[in-house]
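Note that the protein sequences, when read in sequence, are chains A and B. Under the working numbering, the residue at position 42 of the first sequence is numbered 42, and the numbers go up by one with no gaps. Under the working numbering, the residue at position 2 of the second sequence is numbered 2, and the numbers go up by one with no gaps. Glycine residues also receive a C-beta, built at the ideal position from the N, C-alpha and C atoms. Inspection log for the structure reproduced underneath, given as structure tokens.
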Amino acid sequence: KNQVEQSPQSLIILEGKNCTLQCNYTVSPFSNLRWYKQDTGRGPVSLTIMTFSENTKSNGRYTATLDADTKQSSLHITASQLSDSASYICVVSALTGGGNKLTFGTGTQLKVEL
Amino acid sequence: DAGVTQSPTHLIKTRGQQVTLRCSPKSGHDTVSWYQQALGQGPQFIFQYYEEEERQRGNFPDRFSGHQFPNYSSELNVNALLLGDSALYLCASSRPGFTSASYNEQFFGPGTRLTVL
Chain A
1 KNQVEQSPQS
11 LIILEGKNCT
21 LQCNYTVSPF
31 SNLRWYKQDT
41 GRGPVSLTIM
51 TFSENTKSNG
61 RYTATLDADT
71 KQSSLHITAS
81 QLSDSASYIC
91 VVSALTGGGN
101 KLTFGTGTQL
111 KVEL
Chain B
1 DAGVTQSPTH
11 LIKTRGQQVT
21 LRCSPKSGHD
31 TVSWYQQALG
41 QGPQFIFQYY
51 EEEERQRGNF
61 PDRFSGHQFP
71 NYSSELNVNA
81 LLLGDSALYL
91 CASSRPGFTS
101 ASYNEQFFGP
111 GTRLTVL
């Protein structure tokens, strides 16, 4: 069964600090991995997308890494801001006969405080 | 470009009723997917529409049905509502040229918050 597990479930950090969120997956056959940011009550917004051959990808203060051998990914946030408070969802795409099929993690709830 | 739009934003229904949610995809997108997101959970895939047909379906009962129109907009219908259907319903659209090698990046709408009493 395709699964995506994220850790920690929730995290509180002080503004200006860095943090790293983890994602482990058992999705097969792997197509790509995405990180989304979801503000409360809003739709997810894509941060990064990585294919099998990509080890790292950055989007501003967000840097995602992918180890396809160990099936692990991380999202590193540098110099956190209050606006970073949100749920961060790891999504892994599998190749199927009908195209890409997405499996979502349950997310890491990040709160940035003063 | 308005991006993906959904209506209504909020909806309150009672058990046993039926509901229709609407989605307009991002300009240039032809594939629409629907997700259910319970509070504190990740989105769960309901189904995907392409060329006015259901292409993929998740583990949802037949009470959940959909439709895609020639202009690529889509509706999600839920019959015989249960309390457990209360959730944020997300619509996502993706670009044409859907192939097994594509990213199939999905752009999400703001969602419709459905409350079943």
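- The DSSP assignment places 53-57, 64-68 and 74-78 as complete runs of the beta strand (DSSP E) inside the segment 51-88 of chain B, in order along the chain (cut-off: 3 residues).
- Annotation for LEU47/A: TRP35, LYS37, ASN59 and TYR62 place their beta carbon closer than 6 angstroms to its own, counting only its chain and skipping 5 residues before and after.
- In terms of CA proximity to GLU75/B, VAL32/B leads the group HIS10/B, ARG15/B and VAL32/B.
- Here the alpha carbons of SER24/B and SER73/B stand approximately 5 angstroms from one another.
- SER93/B and VAL4/B have their alpha carbons spaced roughly 7 angstroms apart.
- Contact annotation: GLN9/A and SER74/A have beta-carbon atoms that are not nearer than 7 angstroms.
- Not a single C-beta of chain B is nearer than 7 angstroms to the C-beta of PRO29/A.
- Residue ranges of uninterrupted beta strand (DSSP E) with 3 or more members, entirely inside the segment 19-99 of chain A and ordered along the chain, are 19-25, 30-38, 45-51, 56-59, 62-67, 72-77 and 86-96.
- For ASP84/A against LEU110/A, the beta-carbon gap comes to about 6 angstroms, under 8 angstroms, which counts as contact.
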